[in-house]
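Here is the structure we will look at, set down as C-alpha cells.
Number of protein chains: 2
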Amino acid sequence: MNWEQALLSYLPEKTEEIATVISSMEYSLTAGGKRIRPMLTLAFAKLCGGSEEAAVPFACAVEMIHTYSLIHDDLPCMDNDDLRRGKPTNHKVFGEAAALLGGDGLLTLAFETVLSERAVQYNGYEKCVRAGRILAEYAGAVGMIGGQVIDLESEGRQVSVERLRVMDEKKTGALIAAACILGCISAGADEAQIQAAREYAMHIGTAFQIVDDMLDVTSDTATLGKPVGSDEENKKSTYVSLLGLEECQKISRALTDKAVACLKQFDGDTDELVQFAYQLCERKK
Amino acid sequence: MNWEQALLSYLPEKTEEIATVISSMEYSLTAGGKRIRPMLTLAFAKLCGGSEEAAVPFACAVEMIHTYSLIHDDLPCMDNDDLRRGKPTNHKVFGEAAALLGGDGLLTLAFETVLSERAVQYNGYEKCVRAGRILAEYAGAVGMIGGQVIDLESEGRQVSVERLRVMDEKKTGALIAAACILGCISAGADEAQIQAAREYAMHIGTAFQIVDDMLDVTSDTATLGKPVGSDEENKKSTYVSLLGLEECQKISRALTDKAVACLKQFDGDTDELVQFAYQLCERKK
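Here the protein sequences come in this chain order: A and B. Read in the working numbering, the first sequence has 243 at position 243, and its numbers run on one by one without any break. Throughout, the working numbering is defined as the position within the second sequence, counted from one, plus 1000.
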C-alpha cells in the first residue's frame, strides 16, 4: 500500500450519523496539492536506512496536519478564501461548522495515526512517542499555529524582513521540518542527522516562500492557477517588496545551496533531496 | 505540583510574537468549570493502584481537549455564544481567528502533553502511546467531534430518544470515558477494568445530560447561572420534551445505579466515584 492509499485507510468508516464530518475530511485530503511533506518524510526515512513502509503512518499524519491547517486557514474568520487549487474550499462545500469540525477531526486523526497499531508495529513505542511529540511541538503554538498568528497580526502593516523570516519559519518551515524529522525518527537516525534534516527543511521552507513571493510578481494567473499581484493589491509586505526581485533570487539560491550542504551529514544517496531543493527554487508555479 | 498548576505549566512561554494565541489558550484553560474530567482520571488512577503524579499529564491533556471543544463550540459558526460561565467567550475577547487558533493550539498541546517527557518518565512509552491513541479516538470524528456533528444536524427538528442517546454518548460520554480510561491506563489496569471504567463513564455521561435537560425546565436563571427554558425556546428535542420530567428522573437515577454497579469490578476504595455519580445526578445546577 503506498502512502496515498494508506492516507484514506486511516479515515473512520463513513457511517450515516457522522457522514458529514468524514466527507469533509475526505474532501480536503483528496484535493491534491504538491504532497511535499509526505514525500520528505519518506525520502529522509530511506536516506537514513529505514523503510518507506515504517514511515508511511508518519508521512500520512504530517499530511493530515497540513490539510487541517489549510481548511482552517480558508475559513471566513481567517483568509476567507473561496477557492483552493481551483476547487471550492471546504467550507464552501460543507458549510463553516462542518469545515471547522473536519479540520479538528483531521488534526486529531493525525495523532491517532502516529500512535496507531500499524505505526507501533513498524516503529515501536518509543519512536511513535518521539514522532508524536515532534509533530505536536512543530504544529503547535510555538510552531505552525504561532506562524499563523504572526501572519494575522502582520496584515495591512509594514513588517521587517526579520519578522517575515520568523513568520515563515513557523508557518511553513516548522511542518516541513517535522516531516523531515519524522522520517529520520522512523529510521532511527542520530541527533546530528535530525539536526541536519531540520536545517535542510528550514532553508528550503524559506526559499519556497521567497519564490512564492517572486512568482506573485513575475508569473501570470494562467500559469500559477491563482490570481497574481495579490500581495501588492493587499499592501502585504513580502520579500520582494522589501528586498527587490534580484536580491530575492540571490537569497533563494543561496538558501537552496545551504539546504543541499546540510545533506552532507548523511552517508546515503541524497540525489532525490538535492534535486527536490533545486526544483522548489527554480519552479515556475 | 497538583494538576491545576501542572495544567498551566504545559503552556508554551508567552513570547511577544505569539502572545495572542498563548493568551487565548490560557484564558479558557483558567476559566474554571466543573473540572469533572481530570478529577475522574486521577480517581481511576488511584482506584487501580496507580499514582496521581503519573496520571497528572493525562488528566491535563483531557482537560485541554475539553477546553478546546468549548472554544470551538462557542464560535459564531457553531453555537454563537457570547457568555460561558458568566464570562465572555474566547472569541468575544480575542476575536474569532485567535479563538480558532487557540482551540487548535490546545488540541495540539493535549497530545504534546500525553507524550511529554514527564508523562513518559512516570508511565513509560507504551502507556503514553495507548493513552494518546484512546484520547484521539474518543475525541475524534467517531467520538466527541461526531457528537457535535449530530448535534448540529439535529437543530430545529424532532429527533428520537435513540438519536439523542447516540449524540450524547459521543458528544459528552466519549471524552468522560477517555478521562476514566486514561486513569486506568496510567495505573496499568487490566482490560476488564478499562471496560468497567468506560461503562461507568457512559452511564454518568448520559445521566449528566438528562439532568441538564431537567434543570433547563425546573431551575431558575439565578441558580443555574445561564438562561433557563432555552431548549423549549429553541424547539430543541430533549429527554424532557420526549419523555417528560418524571420518566427522566427515573432514568437518570437508574443510570447512576448502573454506573455505580460498574465499580464492583475494582478492589480498591470506590467511595469517591460512587459519591461523585450520585452528586452529578442530584445536582441543582
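Backbone N, C-alpha and C define an ideal beta-carbon position, used for all residues, glycine too. Here the structure is a predicted model, which is why all the values come from computation and not from measurement.
Asked, Found
"Sub-8 Å separation of L1042 of chain B and A1059 of chain B beta-carbons", "yes"
"Nearest-angstrom Cβ-Cβ length linking V159 of chain A and T1020 of chain B, presumed shorter than 8 Å", "Not confirmed; about 15 Å, so no contact."
"Straight-line gap, C1184 of chain B to F1044 of chain B (C-alpha atoms, nearest Å)", "6 Å"
"Neighbour list for Q1148 of chain B in chain A, Cβ cutoff strictly below 9 Å", "V21, A97, L101 and D104"
"Own chain partners of G173 of chain A with C-beta closer than 6 Å, once the 5 adjacent residues on each side are dropped", "M202 and G205"
"Alpha-carbon to alpha-carbon, E1126 of chain B and E112 of chain A", "14 Å"
"CA-to-CA distance, S1051 of chain B to L1164 of chain B, given in whole angstroms", "36 Å"
"Extent of the continuous alpha helix (DSSP H) to which T1270 of chain B belongs", "From DSSP, T1270 of chain B is part of no alpha helix (DSSP H); its letter is neither H nor E."
"S241 of chain A versus S252 of chain A: straight-line alpha-carbon distance, rounded", "15 Å"
"Spatial neighbours of F1208 of chain B in its chain, beta-carbon cut-off 7 Å, leaving aside the 5 residues before and after", "T1172 and L1280"
"Y68 of chain A vs G103 of chain A beta-carbon contact at 8 Å", "yes"
"Chain A contacts made by the region 1110–1125 of chain B, where a contact means CB separation under 9 Å", "A1110, F1111, E1112, T1113, V1114, L1115, S1116, E1117, A1119, V1120, G1124 and Y1125"
"Residue closest to L1040 of chain B, alpha-carbon to alpha-carbon, out of B:V1056, B:S1028 and B:E1017", "B:V1056"
"Residues, ordered as in the chain, of the region 55–66 of chain A that lie near chain B by beta-carbon distance below 8 Å", "none"
"Cβ pair L109 of chain A, L182 of chain A closer than 8 Å", "no"
"As assigned by DSSP and simplified to three states, the class of R1084 of chain B", "strand"
"Unbroken stretches of the alpha helix (DSSP H), 4 residues or longer, contained in the region 1068–1120 of chain B", "1090–1094 and 1096–1114"
"Contacts of V1129 of chain B in chain A (Cβ-Cβ under 7 Å)", "L115, V120, Y125, C128 and V129"
"C-alpha distance - V62 of chain A paired with S1154 of chain B, whole-angstrom precision", "33 Å"
"Stretch pair the region 1260–1270 of chain B + the region 1191–1200 of chain B: three plus CB contacts closer than 8 Å", "yes"
"Supposed close pair C1248 of chain B, D1213 of chain B - CB separation, criterion 8 Å", "7 Å"
"Own chain, CB closer than 8 Å to D151 of chain A, minus 5 neighbours either side, in chain order", "M167 and K171"
"Nearest-angstrom beta carbon gap, L115 of chain A and C128 of chain A [assumed within contact, 8 Å]", "6 Å"
"Limits of the alpha helix (DSSP H) - the one that G49 of chain A falls within", "That residue, G49 of chain A, is in no alpha helix (DSSP H); it is neither H nor E in DSSP."
"Pick from A:L255, A:V260 and A:A98 that is closest to E272 of chain A, judged by C-alpha positions", "A:V260"
"Separation of A1098 of chain B from M78 of chain A, as counted between CA atoms", "9 Å"
"Assigned secondary structure, S237 of chain A (DSSP; H/G/I helix, E/B strand, else coil)", "coil"
"Check whether A1179 of chain B and R1037 of chain B have beta carbons under 8 Å apart", "yes"
"Y1200 of chain B in three-state terms, based on DSSP", "helix"
"Beta-carbon separation (whole angstroms), L1029 of chain B vs L1007 of chain B, contact threshold 8 Å", "6 Å"
"Boundaries of the alpha helix (DSSP H) in which T20 of chain A is found, first to last residue", "A19 to L29"
"Any chain B beta carbon closer than 8 Å to V292 of chain A", "The displayed coordinates of chain A run from 1 to 285. Any statement about residue 292 of chain A would go beyond what the structure contains."
"For P12 of chain A, the three-state DSSP class (helix, strand or coil)", "coil"
"T15 of chain A burial status per 10 Å Cβ neighbour count (16 or more: buried)", "exposed"
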